[in-house]
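In our numbering, the protein residues as written are 1027 to 1444.
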């Protein structure tokens, strides 16, 4: 009896395997599951990919990770498609129920597209931004808390409760022109456009007058300025490392950005483990790099004691942190550096000015441009990007030491906190 059961199970298993092979060869897919809908591995490389459930119901997965249900059917002899809902707000079970409801509409001579348009919920600006922030921004952007804070401060009070598709061009312009900081207006305009496009792609809204507007319609930006520090100003900021009235972390941050020419985010997110002081290298990992590539910089001898002291002062793996060991956001980190610069007598300090300065001063000193580009962490352009994969560690180190000597005129070691 046991032998018969085993044989029966083996035959059944083979039948199931044959059936699976047949269905795949015929392009037939198994029914949708929550596991498939949630799976990141099924996210398409192209714009979107459809996964059928049967009877015209399908799930469309977008490159952004969003998932929506659609019903594909024929109406008046032509192919038609209508959106049912967005997953996971609409569970799979509810999507199947809605699918059956749409099928009954067709049987009764009603086009589901017209019925859905009639019943379509018109969302407000606040609801749309909240949806975009929750389903796209939080999943794809780092340190994005400022985005929602900015919307709440500047745009929600004026147009937050307006239906997006009812906001006309003059209303958009009026709302953005109430933002007193031009750069914030520019940033929020770009973020809002991105959010509106996201909502249109997911067919949550149909259109918005905002997309017809350009930056020049919204805000008049001041002409771009480049802050390039003189050697005298650099010398003053260098010497602030010995000013005990300023927290050592602030002084050290100022000095490191001055000589590395790094982006603020690279240093404020830096971990102790990113620094190999035996080999005298600082490696910025991909996740901390703006251009999504690893950046390797030499650590000159005169900066080694500064980094060692920061490591000793830090209570966790971050090289520099705030109170209670929490990492600092960009405004807080920049403010710390500004305080150190003010102590050096620099009133119009701009952290990004160090990048402009080091590029300009190294060029004046005869350093090859690609050396400065590597130090700054820029991607090489043109043919250099393809063929030149060198790190130039020794050349960058020599340039940093020459820059140090030009500022100070000596190789005396820097003082560290006692």
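We put the CB at the ideal spot given by N, CA and C, even for glycine.
The structure presented is a predicted model; accordingly, all values stated were derived computationally and were not measured.
Legend entry - Own chain, CB closer than 6 Å to residue 1123, minus 5 neighbours either side, in chain order: Excluding sequence neighbours, residue 1123 sits near nothing in its chain.
Legend entry - Spatial neighbours of residue 1170 in its chain, beta-carbon cut-off 6 Å, leaving aside the 5 residues before and after: If the five residues before and after residue 1170 are omitted, its C-beta is found closer than 6 Å to the C-beta atoms of 1163, all from its own chain and listed in chain order.
Inset, instruction - Identify every residue that forms a DSSP beta bridge with residue 1107. - result: Bridge partners of residue 1107: 1098.
Inset, instruction - Decide yes or no for the touch test of the stretch 1247-1265 against the stretch 1372-1390: beta carbon pairs closer than 8 Å, at least 3 of them. - result: Cβ pair count under 8 Å is three or more, so yes.
Inset, instruction - Just tell me which of 1222, 1309, 1285 has its CA closest to the CA of residue 1434. - result: The candidate whose alpha carbon is nearest that of residue 1434 is 1285.
Inset, instruction - For residue 1376, collect the residues of the same chain with a Cβ closer than 8 Å to its Cβ; drop the 5 residues on either side in sequence, then sort them by chain order. - result: Its chain contains 1253 as the residues whose beta carbon lies nearer than 8 Å to that of residue 1376, once the 5 sequence neighbours on both sides are disregarded; these appear in chain order.
Inset, instruction - Would you decide whether residue 1161 is buried or exposed? Buried here means 16 or more other CB atoms lie within 10 Å of its CB. - result: Its Cβ being crowded by 16 or more others within 10 Å, residue 1161 is buried.
Inset, instruction - Can you tell me which of 1070, 1107, 1082, 1099 puts its alpha carbon nearest to the alpha carbon of residue 1091? - result: Comparing Cα positions, the closest option is 1070.
Inset, instruction - Report the partner residues of residue 1080 according to the DSSP bridge assignment. - result: Paired residue(s): 1083.
Inset, instruction - Please go through the same chain and pick out, in chain order, the residues whose beta-carbon is closer than 6 Å to the beta-carbon of residue 1076, but skip the five residues on each side of it. - result: Excluding residues within five positions, the ones whose Cβ falls inside 6 Å are 1084, 1086.
Legend entry - Residues bridged to residue 1074 (per DSSP): 1088.
Inset, instruction - Work out the CA separation of residue 1347 and residue 1315 for me, nearest whole Å. - result: C-alpha separation (whole angstroms): 19 Å.
Legend entry - Rounded C-alpha distance that separates residue 1323 from residue 1300: For residue 1323 and residue 1300, the distance between alpha carbons rounds to 11 Å.
Inset, instruction - Figure out for me which residue from 1309, 1302, 1213 has the closest Cα to the Cα of residue 1295. - result: If we check each option's Cα against that of residue 1295, 1309 comes out closest.
Inset, instruction - Could you tell me whether the Cβ atoms of residue 1110 and residue 1096 are closer together than 8 Å? - result: With contacts defined by Cβ atoms closer than 8 Å, residue 1110 and residue 1096 form a contacting pair.
Inset, instruction - Hey, could you find the ends of the beta strand (DSSP E) residue 1324 is sitting in? - result: Where residue 1324 is concerned, the enclosing beta strand (DSSP E) starts and stops at 1321-1324.
Inset, instruction - Look up residue 1344 in the DSSP assignment and give the residues it is bridged to. - result: DSSP lists 1297 as partners of residue 1344.
Inset, instruction - Determine, using beta-carbon pairs with one atom in the stretch 1194-1201 and one in the stretch 1239-1249, whether at least three such pairs fall under 8 Å. - result: Yes: at least three Cβ pairs fall under 8 Å.
Inset, instruction - Please state if the CB of residue 1381 and the CB of residue 1279 are separated by a distance shorter than 8 Å. - result: In this structure, residue 1381 does not lie closer than 8 Å to residue 1279 by Cβ.
Inset, instruction - Consult DSSP for residue 1302 and reduce its assignment to one of helix, strand or coil. - result: Residue state, collapsed to three classes: strand.
Inset, instruction - Within 10 angstroms of the Cβ of residue 1425, are there 16 or more other Cβ atoms? Answer buried if so, exposed if not. - result: By the neighbour-count definition (other C-beta atoms within 10 Å, threshold 16), residue 1425 is a buried residue.
Inset, instruction - Report yes if the CB atom of residue 1272 is closer than 8 Å to the CB atom of residue 1369, and no otherwise. - result: In contact: residue 1272 and residue 1369 (Cβ atoms closer than 8 Å).
Inset, instruction - Go through its chain and collect everything with a Cβ distance to residue 1060's Cβ below 7 Å, but skip five positions before and after it. - result: 1118, listed in sequence order.
Legend entry - Range of the contiguous beta strand (DSSP E) that encloses residue 1158: Segment 1151-1158 is the alpha helix (DSSP H) holding residue 1158; no beta strand (DSSP E) there.
Inset, instruction - In the DSSP assignment, find the beta strand (DSSP E) that holds residue 1308 and state where it starts and stops. - result: 1307-1310 is the extent of the beta strand (DSSP E) around residue 1308.
Inset, instruction - Taking the CB atoms as reference points, tell me whether residue 1185 and residue 1193 lie closer together than 8 Å. - result: Contact flag set, yes.
Inset, instruction - Give the C-beta separation of residue 1330 and residue 1306 to the nearest angstrom, bearing in mind that I take them to be a contact with Cβ-Cβ under 8 Å. - result: Indeed they touch by this definition, with Cβ atoms about 7 Å apart.
Inset, instruction - Tell whether a beta-carbon distance below 8 Å holds between residue 1262 and residue 1317. - result: Cβ atoms of residue 1262 and residue 1317: not closer than 8 Å.
Inset, instruction - Give the single residue among 1298, 1292, 1328 whose Cα lies nearest to the Cα of residue 1313. - result: Closest option to residue 1313, Cα to Cα, is 1292.
Legend entry - Cβ shell of residue 1379 (< 7 Å), same chain only, five flanking positions each side left out: Taken in chain order, the residues that qualify are 1253, 1254, 1255.
Inset, instruction - Determine the burial state of residue 1276: buried for a count of at least 16 other Cβ atoms within 10 Å of its Cβ, exposed for fewer. - result: Residue burial is scored here from C-beta neighbours: residue 1276 has at least 16 other C-beta atoms within 10 angstroms and is therefore classed as buried.
Inset, instruction - State the Cα-Cα distance for the pair residue 1052 and residue 1399, rounded to the nearest angstrom. - result: With a pLDDT of only 41 at residue 1052, under 50, the local geometry of the prediction cannot be trusted, and the value read off the model is given with reservation. For residue 1052 and residue 1399, the distance between alpha carbons rounds to 54 Å.
Inset, instruction - Could you check how far apart the C-beta atoms of residue 1132 and residue 1154 are, in whole angstroms? I think they sit under 8 Å. - result: The Cβ separation is near 30 Å, so there is no contact.
Inset, instruction - Assuming residue 1341 and residue 1351 form a contact by the criterion Cβ under 8 Å, report the distance between their Cβ atoms to the nearest whole angstrom. - result: Correct: roughly 5 Å between the Cβ atoms.
Legend entry - With 16 other Cβ atoms within 10 Å as the buried cut-off, status of residue 1079: Using a 10 angstroms sphere on the CB of residue 1079, the tally of other CB atoms reaches 16 or more, which defines it as buried.
Inset, instruction - Rank 1345, 1288, 1137 by C-alpha distance to the C-alpha of residue 1103 and give the top, closest one. - result: Among 1345, 1288, 1137, the Cα nearest to that of residue 1103 belongs to 1137.
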